[in-house]
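Asks: Submitted below is the structure of interest, expressed as structure tokens.
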Amino acid sequence: MTLAIDVRGLNKSFGDKHVVNDVSIRVEAGRICGFLGPNGSGKTTTLRLMCGLLTPDSGAGEVLGFDIIGQAEEVKRRTGYMTQKFSLYEDLTLAENLAFTARVYGLDRRAARVDASLERLGLTSRRGQLAGTLSGGWKQRLALANATLHEPQLLLLDEPTAGVDPKARRTFWDEIHALAAEGLTVLVSTHYMDEAERCHEIAYISYGRLIARGTAAEVIAASGLITLRGEGPEADRLAHRLAEAPGVETAAAFGAAIHVSGEDRSALEAAIAPWRQPPYRWTEVAPTLEDVFIQLMGRSQDNVS
Amino acid sequence: MSGFSLNRVLAVLIKEFKQLTRDRITYALMLAIPVIQLILFGYAINTEPRHLPTAVLAQENSRHARSIVAALKNSAYFDLVAQARSPAELDRMLRTGDVQFAVTIPGDFSRRVARGDRAQILVEADATDPSATSGAVAALAALPAQALAHDLTGALAPRGQPPAPFEVVIHRRYNPEAVTSYNIVPGLLGIILSLTLVMMTALSVTRETERGTMETLLSTPLEPLEVMIGKLAPYVMVGLVQTAIILTMAATLFHVPMGGGWVGLAAGIGLFITGSLALGFLISTVARSQLQAMQMSFFYILPSILLSGFMFPFRGMPAWAQWIGEAIPVTHFLRVVRGSLLKSQGLADQWRELAALTAFVCLVTALAMARYRRTLD
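Sequence lines, in order, name chains A and B. The first sequence begins at 14 in the working numbering and counts up one residue at a time. The second sequence begins at 92 in the working numbering and counts up one residue at a time.
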């Protein structure tokens, strides 16, 4: 087993804000690792630390076998990084953007690579179009093509599908899986649970701390969460009242139904007791990643306060 | 809801004001610019310079010669800074710009005064900037009547309302007809290059930061020097094209003399373009937005116009303002351009200005490299 990412005890502060707090992550080569956590939890900063865009205050690590501090240039050469905000040149055409990147990385057969990349995107006919005129989904695919043009061994994607429609997201993820199949390691941050489930493994970060790690099934199992699904007239309206009940960690409406989760089965049963009788129907379901993450978010907030 | 609502106006007004105070640099510049500029330019600018450096070539060591030198000093327009030993040395001092005036007292001066035989002294003025010399030249008119008043007593004392004992011959060198455009047009070369090049490059890096493309740029193997050279090279071309246009128009439309000194001029243009671009790059590494970059560029350009000798005589400024002026590359560039075109200066006359420009280029490039972040820290 080779590790594409092996960083230990990373810390980064901006002013008095401790944005990344003792984060250690290992990712095996060829895996897609989903990087999750609420807004402002330090995901972007961690990604930037790994690709040499930021220098950690303390901590150490290797990315692709190179020291992230001393050999940042080597890491940069072998890593593709896609920023959260579209950051190609909007006033250059698709082909010009790709040609620029090809030159910056000193690639050979530049024209052929650009052509192949546009071909793969299915954008050959629009190669002369300005990048700024593309729709959101196409922009992200272009950015991905741009980030992989120099055939990196590691791809760092920072919320690549934010604001992109479901179909474009699916296409995007198909491409990521195709790249991983070719041996690329991918670390991708996201807020979408369906995307998290498409990853080989996930890492959950909150308030700068890594608090859960493993495959989706492992993370769910490790949470020890029990989820009851309630259906019935206006069951979804119960969320507010159930959330207050002792032993209930989360209570959230799912369509017309409600999911109530907690670790203590008897407390959970006690909480739903007033609505146990018909017309309400309760079944135990497997907790979803979302249930787990809402639980994790609640916990880490407690830790902080 | 339609019509005019004062409350909605107030909403916008409050928002604008808050945003303004949140942008600290803009806020600081808005308050600092009027204060600094007013104090700076209010005290520095003086359109009638006095105490102009003057060299004297006295070909006779006589009482009269000493009296004339003393009278020149007393006028407050002339500061005697050098004694030339030969006409060639005197000419060199004027050409290099070490002195503004060169006074020659001929060897037979005293004899001619004694004989009443049309005695003359020669005053050569560096008239590349006509306004810098006009006051002093006007003051020379009074010199013959007063300079020798104490010397010529007794038998030599003229009676009644006498003719002046000697006359002052004035040569306006380099720009005999005192054509203002001969001075302004070459100067404009420096100002126009500063305006476009500093501002364009200042915006170029800030734009990358503002649009977020900087993050991608930094994640690539690009080295800071590679970014800088790559970004500045196109503007070198812009600068060269501008120079060609301005010089061609100066020659054809304004008939500015093209004296020569092409080697020094070419070197000066090259250094000045590089220095302006490097300065723009430095500004862009400090400014956080394009607006700030713009304001900082203006902060540099105003003294370039007012303290460089472009608009107002350099020697009219107090010493402290001249020191500031010396730190501005436009000052040195103007001397090179005017020196080359109007005074046909050679490299030997210009090396100090070229050295100053070189120092500026090196310093600013080093600062820009030090400031340029290869990370987002």
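Built from N, CA and C at the ideal position, the CB exists for glycine as well. Keep in mind that this is a model prediction, so the values were computed, not measured.
Measuring straight from C-alpha to C-alpha, what distance separates E151(B) and R202(B)?
Replies: About 10 Å.
Asks: What are the residues of the stretch 50-69 of chain A that lie near chain B, defined by any Cβ-Cβ distance shorter than 9 Å?
Replies: Residues passing the 9 Å Cβ filter: R61, C64, G65, L66, L67 and T68.
Asks: Do M408(B) and N98(B) come within 9 Å of each other at the CB atom, strictly closer than that value?
Replies: No; because the gap between Cβ atoms is not below 9 Å, this pair is not in contact.
Asks: Which residues in the same chain as E75(A) place their Cβ atom closer than 6 Å to its Cβ, once the five residues preceding and following it in sequence are excluded?
Replies: So the list reads D19, once near-sequence residues are dropped.
Asks: Measure the CB-CB distance between M305(B) and V296(B) and report whether it falls below 9 Å.
Replies: For M305(B) and V296(B), yes; Cβs fall inside 9 Å.
Asks: State yes or no: is the C-beta of R115(B) nearer than 8 Å to some heavy atom of the ligand NAD?
Replies: Looking for the ligand NAD in the displayed structure turns up nothing, as the structure carries no ligands at all.
Asks: Can you find a CB in chain A that lies within less than 9 Å of the CB of R302(B)?
Replies: Yes, contact with chain A.
Asks: Going by DSSP in three states, M349(B) sits in which element: helix, strand or coil?
Replies: Reduced to three states, the DSSP call for M349(B) is coil.
Asks: Start and end of the beta strand (DSSP E) containing L294(B)?
Replies: L294(B) -> not in any beta strand (DSSP E); alpha helix (DSSP H) instead, spanning T271 to R302.
Asks: Express the C-alpha separation of S380(B) and T366(A) in angstroms, rounding to a whole number.
Replies: Lying outside 14 to 318, the shown extent of chain A, residue 366(A) is not represented and no answer is given.
Asks: Considering only DSSP beta bridges, list what R263(B) is partnered with.
Replies: Paired residues: A216(B).
Asks: Just the Cα atoms here: how many angstroms apart are A378(B) and G227(A)?
Replies: Straight-line Cα distance between these residues: approximately 43 Å.
Asks: Within 9 Å of any Cβ in chain B, is that where the Cβ of T146(A) sits?
Replies: So no, T146(A) is outside the interface.
Asks: Should G251(B) be labelled buried (16 or more other beta-carbon atoms within 10 Å of its own) or exposed?
Replies: Legend: pLDDT at G251(B) = 46, less than 50; position of this residue unreliable, no value from coordinates given.
Asks: In terms of residues, what are the limits of the beta strand (DSSP E) holding C46(A)?
Replies: Per DSSP, C46(A) belongs to the beta strand (DSSP E) from I45 to L49.
Asks: Could you tell me whether the Cβ of F185(A) comes closer than 9 Å to any Cβ of chain B?
Replies: Not one chain B Cβ lies under 9 Å of F185(A).
Asks: Using a Cβ cut-off of 9 Å, which residues of the stretch 107-139 of chain A contact any Cβ in chain B, in chain order?
Replies: Those would be T114, V117, Y118 and G119, in chain order.
Asks: Between the stretch 56-72 of chain A and the stretch 20-38 of chain A, can you find at least three pairs of beta-carbon atoms closer than 8 Å?
Replies: Judged by Cβ distances under 8 Å, the stretch 20-38 of chain A makes contact with the stretch 56-72 of chain A, as three or more pairs qualify.
Asks: In this structure, what does DSSP give as the bridge partners for T106(A)?
Replies: T106(A) pairs with L143(A).
Asks: Answer yes or no: does any C-beta atom of chain A fall closer than 9 Å to that of L445(B)?
Replies: So, not an interface residue.
Asks: Measuring only the C-alpha atoms, how far is D178(A) from L170(A)?
Replies: Cα to Cα, the separation comes out at about 17 Å.
Asks: Tell me the DSSP secondary structure of E164(A) in three-state form.
Replies: E164(A): coil per DSSP, three-state reduction.
Asks: Between the alpha carbons of E303(A) and E87(A), how many angstroms are there, rounded?
Replies: C-alpha separation (whole angstroms): 37 Å.
Asks: Please compile the residues from chain B whose C-beta is within a distance smaller than 7 Å of the C-beta of K89(A).
Replies: Simply S310, T311 and P312.
Asks: Does any C-beta atom of chain A lie closer than 9 Å to the C-beta of R183(B)?
Replies: Judged by the 9 Å Cβ criterion, R183(B) is not in contact with chain A.
Asks: Contact check, T466(B) vs L67(A) under 8 Å by CB: the rounded distance?
Replies: The pair is a contact, with the Cβ atoms about 6 Å apart (cut-off 8 Å).
Asks: Using a threshold of 9 Å, state whether the C-beta atoms of F192(B) and P144(B) are closer than that.
Replies: Yes. Within cutoff.
Asks: Could you name the residues of chain A that D220(B) contacts, counting a contact when the two beta carbons are closer than 7 Å?
Replies: Per Cβ cutoff of 7 Å: no residues; D220(B) is ~44 Å from chain A at best.
Asks: Answer yes or no: does any C-beta atom of chain A fall closer than 9 Å to that of T365(B)?
Replies: Answer no: the Cβ-Cβ gap between T365(B) and chain A never drops below 9 Å.
Asks: Report buried or exposed for I189(A), applying the criterion of at least 16 other Cβ atoms within 10 angstroms of its Cβ.
Replies: Result: buried.
Asks: Just confirm the distance between the C-beta atoms of F372(B) and A459(B), as a whole number of angstroms; I'd bet it's less than 8 Å.
Replies: Yes, F372(B) and A459(B) are in contact; Cβ-Cβ is about 5 Å, under 8 Å.
Asks: For S225(B), name the three-state secondary structure that DSSP assigns.
Replies: S225(B): helix per DSSP, three-state reduction.
Asks: Alpha carbon to alpha carbon, how far is L171(B) from V160(B)? Give it in angstroms, no decimals.
Replies: Looking at the two C-alpha atoms, the distance is approximately 8 Å.
Asks: Taking C-beta pairs closer than 7 Å, name the residues in chain B that T96(A) reaches, listed in chain order.
Replies: Result: G303, E306 and T307.
Asks: Could you tell me which residues DSSP puts in a beta bridge with Y217(A)?
Replies: In the DSSP output, where bridge partners are listed per residue, Y217(A) has L49(A) and A225(A).
Asks: Within 9 Å (strictly less), CB to CB, does T376(B) reach chain A?
Replies: Closer than 9 Å: no.
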